[in-house]
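Visitor:
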Amino acid sequence: MFQMGSELQYLTLRRLPAEDHVLVPERAGFGQVVAPHLGLQGLHDDAEQAIAQANGLTLTDLSGRPRLQDDQLFAPCPVLKTEVFRLENADWRLLRAPATGVLPQRAGSVDALGDLAADIVLLSTPLAARHHGWLRTVLGKLTVPVQILASGTSARGCLEAARRIARGAPHYLDRLDPVALVVLRLGEPVFEDLIPAGAIVPGNREYVSPPIRNMVWGRGMATAQFFLRKGQHEIRRWVTPEVPAPDGEEHLLIQLKQRPAQGWAALTISSASWDYLARNPVRLDWMTLERESRSGDEILASLRQPRPVVPQRVHQPAGMLAWEGMPGREGLGDLLARFDVGRPGDISELADTIRWSPRAQDGSRLRAIGSDGDLPPALDHVALVNLQRAAEALSKYLMEKVARQRGLANNGPLLALTWMYERCPAEVVREIVGAVRCVLENRRHVFLEPVASTTVVMHGAGRVVREPGDLIELIPRVLDWLADASSLNNGLGLLAGIMSRPAATSRILSQLDMDHLAAGLMGILRRLTRQRISGSRLKYALIAMVGLLRVREHDPWALVADRSRWATSFVEILRQETGYLRGAQASRTIESIAEVIMMLEGVGGRPDIFSVLETIEE
Numbered sequence: 000m001f002q003m004g005s006e007l008q009y010l011t012l013r014r015l016p017a018e019d020h021v022l023v024p025e026r027a028g029f030g031q032v033v034a035p036h037l038g039l040q041g042l043h044d045d046a047e048q049a050i051a052q053a054n055g056l057t058l059t060d061l062s063g064r065p066r067l068q069d070d071q072l073f074a075p076c077p078v079l080k081t082e083v084f085r086l087e088n089a090d091w092r093l094l095r096a097p098a099t100g101v102l103p104q105r106a107g108s109v110d111a112l113g114d115l116a117a118d119i120v121l122l123s124t125p126l127a128a129r130h131h132g133w134l135r136t137v138l139g140k141l142t143v144p145v146q147i148l149a150s151g152t153s154a155r156g157c158l159e160a161a162r163r164i165a166r167g168a169p170h171y172l173d174r175l176d177p178v179a180l181v182v183l184r185l186g187e188p189v190f191e192d193l194i195p196a197g198a199i200v201p202g203n204r205e206y207v208s209p210p211i212r213n214m215v216w217g218r219g220m221a222t223a224q225f226f227l228r229k230g231q232h233e234i235r236r237w238v239t240p241e242v243p244a245p246d247g248e249e250h251l252l253i254q255l256k257q258r259p260a261q262g263w264a265a266l267t268i269s270s271a272s273w274d275y276l277a278r279n280p281v282r283l284d285w286m287t288l289e290r291e292s293r294s295g296d297e298i299l300a301s302l303r304q305p306r307p308v309v310p311q312r313v314h315q316p317a318g319m320l321a322w323e324g325m326p327g328r329e330g331l332g333d334l335l336a337r338f339d340v341g342r343p344g345d346i347s348e349l350a351d352t353i354r355w356s357p358r359a360q361d362g363s364r365l366r367a368i369g370s371d372g373d374l375p376p377a378l379d380h381v382a383l384v385n386l387q388r389a390a391e392a393l394s395k396y397l398m399e400k401v402a403r404q405r406g407l408a409n410n411g412p413l414l415a416l417t418w419m420y421e422r423c424p425a426e427v428v429r430e431i432v433g434a435v436r437c438v439l440e441n442r443r444h445v446f447l448e449p450v451a452s453t454t455v456v457m458h459g460a461g462r463v464v465r466e467p468g469d470l471i472e473l474i475p476r477v478l479d480w481l482a483d484a485s486s487l488n489n490g491l492g493l494l495a496g497i498m499s500r501p502a503a504t505s506r507i508l509s510q511l512d513m514d515h516l517a518a519g520l521m522g523i524l525r526r527l528t529r530q531r532i533s534g535s536r537l538k539y540a541l542i543a544m545v546g547l548l549r550v551r552e553h554d555p556w557a558l559v560a561d562r563s564r565w566a567t568s569f570v571e572i573l574r575q576e577t578g579y580l581r582g583a584q585a586s587r588t589i590e591s592i593a594e595v596i597m598m599l600e601g602v603g604g605r606p607d608i609f610s611v612l613e614t615i616e617e
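The numbering of the sequence shown is numbering that gives the first Met the number 0, which starts it at 0 and goes up by one.
#1: Going by C-alpha to C-alpha distance, which of I596, K400, R204, I507 sits closest to E552?
#2: Determine the closest residue to E466 out of N385, L439, R429, with distance taken between C-alpha atoms.
#3: Going by the CB atoms, is the gap between M457 and L516 shorter than 8 Å?
#4: How close, in whole Å, do the beta carbons of G461 and L413 come, if the pair is a contact with beta carbons under 8 Å?
#5: Going by the beta-carbon positions, is the gap between V427 and L416 smaller than 8 Å?
#6: Which residue comes first and which comes last in the beta strand (DSSP E) that contains K229?
#7: Are the beta-carbon atoms belonging to L58 and Q48 less than 8 Å from one another?
#8: Which class does T454 belong to by DSSP, given the choice of helix, strand or coil?
#9: Excluding sequence positions up to five away, which residues of its chain have a Cβ less than 8 Å from the Cβ of R531?
#10: Could you pull the DSSP bridge partners for S269 from this structure?
#11: Helix, strand or coil for D173, going by three-state DSSP, please let me know.
#12: Tell me the rounded alpha-carbon separation between R135 and A51.
#13: Could you pull out every residue in the same chain whose Cβ sits closer than 7 Å to the Cβ of L335, ignoring the five residues on either side in sequence?
#14: Could you tell me the alpha carbon to alpha carbon distance between D69 and R174, rounded to whole angstroms?
#15: Per DSSP, what kind of secondary structure is V181 in: helix, strand or coil?
#16: What separation, rounded to the nearest whole angstrom, lies between the Cα atoms of A451 and R476?
#17: Between L659 and I596, how many whole angstroms is the CB-CB distance? I'm expecting something under 8 Å.
#18: Is the separation between the beta-carbon of A317 and that of A271 shorter than 8 Å?
#19: From S153 to L122, what does the alpha carbon distance come to, in whole angstroms?
#20: Where do the ends of the beta strand (DSSP E) carrying P201 lie?
#21: Provide the residue span of the beta strand (DSSP E) that contains I194, from first to last.
#22: Given 7 Å as the limit, tell me if E613 has its C-beta closer than that to any heavy atom belonging to the ligand NAP.
#23: For W322, which residues from the same chain have a beta carbon less than 7 Å from its beta carbon, with the 5 sequence-adjacent residues on both sides left out?
#24: Does the contact criterion of 3 or more C-beta pairs under 8 Å hold for the stretch 239-252 versus the stretch 288-307?
#25: Can you grab the Cα-Cα spacing for the pair N410 / W565, in whole Å?
#26: So, does the stretch 276-292 touch the stretch 162-178, judging by three or more C-beta pairs under 8 Å?
What follows is the structure in structure tokens.
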């Protein structure tokens with residue numbers, strides 16, 4: 000029994016796993032105050048009214064509370080029969096205790112208790128034992144057995160709790176209020192549990208939530224806004240105190256701790272990478288939170304934003320035009336039918352024809368072999384067999400040269416095979432990757448003997464490298480090499496190919512150090528801008544940089560200007576670049592760069608941006 004009513008609290012007895020002979024109560028629900036007339040305030044009011052009526056007075060006549068009523072309610076045996084009391088008009092009066100007692104004769108309603116889903120009701124009350132009969136009359140409508148506890152029961156319970164605490168055993172199990180925080184999961188706002196529904200913690204232990212690590216504090220933000228849900232429906236808005244705004248996006252560490260009966264959970268926001276917040280974590284002050292009138296669904300809907308555009312990987316389709324030929328030009332099908340690897344002229348013709356990409360009627364380019372190694376659906380079986388034979392013959396020719404360590408006479412075999420994209424035999428791809436390593440380390444390789452072979456090997460690697468292990472190695476290594484390379488074209492060509500084409504690249508980027516990659520590309524763009532270089536090198540650099548945005552397939556909000564300092568820096572350098580562009584093709588290049596800037600700012604851009612950038616040089 001409490002001041003404003005009686006607290007209804009369900010408890011379930013549990014055995015402790017570590018101490019099978021010990022039972023502990025578990026708070027199996029959330030308490031509520033019921034039956035106001037059974038609260039101490041109501042009983043005091045009834046007693047005061049009874050004393051006033053017994054003495055021919057009204058409540059307004061009394062200047063305070065008589066001590067007589069407490070004696071009548073709580074003393075085991077009434078000591079005071081009378082009390083000299085000062086009235087409101089300053090007169091003194093001898094008050095006499097009511098002959099019938101101070102408790103109301105009527106049995107109050109207990110409808111507010113409803114049907115209790117319990118095996119027994121334990122009632123703790125400060126009322127004297129002589130009033131327990133009256134209590135049983137009041138509670139007579141309950142169908143559950145009621146046991147009124149003796150006055151010393153609570154004290155003995157506290158003593159037993161102290162003994163358990165002293166030996167490190169829980170004295171009760173508490174069910175905490177669920178607390179959830181709005182977080183972004185794959186770019187979608189959701190309520191994530193910090194304290195899940197039904198969380199139970201021993202009374203002398205602390206509940207510590209799993210840390211949330213995927214939230215960020217945006218660049219330039221002095222304060223941050225969070226939404227928390229306590230219980231099932233109560234939602235509050237938290238605006239943090241101002242802090243020095245970071246220069247870039249900073250990852251946060253959010254964790255909640257709560258002890259039973261603590262009242263409000265302790266929620267802390269810190270950071271492992273942001274020194275200021277690591278030294279000065281932000282702590283939630285629940286009492287300052289604004290209560291939200293909106294529902295949880297309404298809040299989540301207001302936080303949803305269109306996701307930034309994700310660039311579509313390059314896929315150049317295959318078509319029959321190159322296979323069938325045109326007036327004055329032999330088709331690939333006829334050439335393969337007579338192909339002989341022993342005739343050098345056939346190799347050079349094959350390399351030239353397989354690279355040929357005639358335009359279809361709609362203006363699009365169609366290659367003999369698509370950039371995923373796909374072939375035209377209408378291609379007959381004989382042509383397919385001839386293609387496989389030619390690839391095998393060229394592979395055998397190249398691998399014999401490698402085995403004998405004899406240099407190639409020309410680049411024809413490598414050109415023919417690398418323009419077959421993923422149909423290039425795996426053993427040749429491995430040697431091409433080895434040749435790229437030799438370029439990066441300034442060593443000799445059989446494939447690097449002919450004139451312009453470095454260009455053929457590096458650009459060819461951009462078309463045929465597809466294994467995740469090779470991508471993981473080459474992307475950062477080539478970027479590091481370019482930092483000191485005298486010529487950018489070959490390395491950028493390789494990067495542009497492997498960043499824009501293979502399906503595995505987006506997953507590989509999510510495993511690499513994006514700060515390292517962004518810093519490397521930023522250095523290249525600054526070098527191009529400082530030297531006012533455009534053309535193919537600018538095109539390849541832009542394709543490689545936009546290739547970084549493919550990581551958005553796994554992290555939808557990566558490299559967005561208002562969250563990432565690298566995206567902001569890219570936008571700034573690209574705007575500088577457009578100020579230097581001159582010439583007949585400058586307007587097309589500027590338009591293409593504008594699309595890239597929109598993608599970096601997260602406000603638009605074309606998903607087919609790689610195709611747009613390919614037109615820069617034309």
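Beta carbons: idealized from backbone N, C-alpha and C, even for Gly. Since the structure is predicted, the reported quantities are computational estimates derived from the model, not experimental observations.
Guide: Answer, in terms of the structure:
#1: Among I596, K400, R204, I507, the Cα nearest to that of E552 belongs to I507.
#2: Considering only alpha carbons, the answer is R429.
#3: No.
#4: Actually they do not touch by this definition, with Cβ atoms about 13 Å apart.
#5: Taking a C-beta distance under 8 Å as the contact criterion, V427 and L416 qualify as a contact pair.
#6: It spans 224-229 - the beta strand (DSSP E) in which K229 sits, taken as one unbroken run.
#7: Result yes, Cβ atoms of L58 and Q48 sit closer than 8 Å.
#8: Looking at T454 - three-state DSSP - the assignment turns out to be helix.
#9: Non-local beta-carbon contacts of R531 in its own chain, meaning distances under 8 Å to residues more than five positions away in sequence, involve Y579 in chain order.
#10: L252, per the DSSP bridge assignment.
#11: DSSP places D173 in the strand class (E or B) of the three-state scheme.
#12: About 26 Å.
#13: Non-local beta-carbon contacts of L335 in its own chain, meaning distances under 7 Å to residues more than five positions away in sequence, involve A382, N385, L386, A389 in chain order.
#14: Approximately 36 Å, taken between the alpha carbons.
#15: Residue state, collapsed to three classes: strand.
#16: Cα to Cα, the separation comes out at about 22 Å.
#17: The requested residue 659 does not occur in the structure, where the chain is confined to residues 0 to 617.
#18: In this structure, A271 does not lie closer than 8 Å to A317 by Cβ.
#19: The straight-line gap from Cα to Cα measures roughly 11 Å.
#20: For P201, the enclosing beta strand (DSSP E) covers residues 199-201.
#21: Taken as a continuous stretch (DSSP letters only), the beta strand (DSSP E) holding I194 covers 187-194.
#22: Absent from the structure shown: the ligand NAP. Ligands present: none.
#23: Cβ contact annotation for W322 (same chain, cutoff 7 Å, sequence separation greater than five): G330, L331, G332, A367, P375, L378, A382, in chain order.
#24: Contact between the stretch 239-252 and the stretch 288-307 is absent: fewer than 3 CB-CB pairs across the two stretches fall below 8 Å.
#25: C-alpha separation (whole angstroms): 39 Å.
#26: With contact defined as three or more Cβ pairs closer than 8 Å, the stretch 276-292 and the stretch 162-178 are not in contact.
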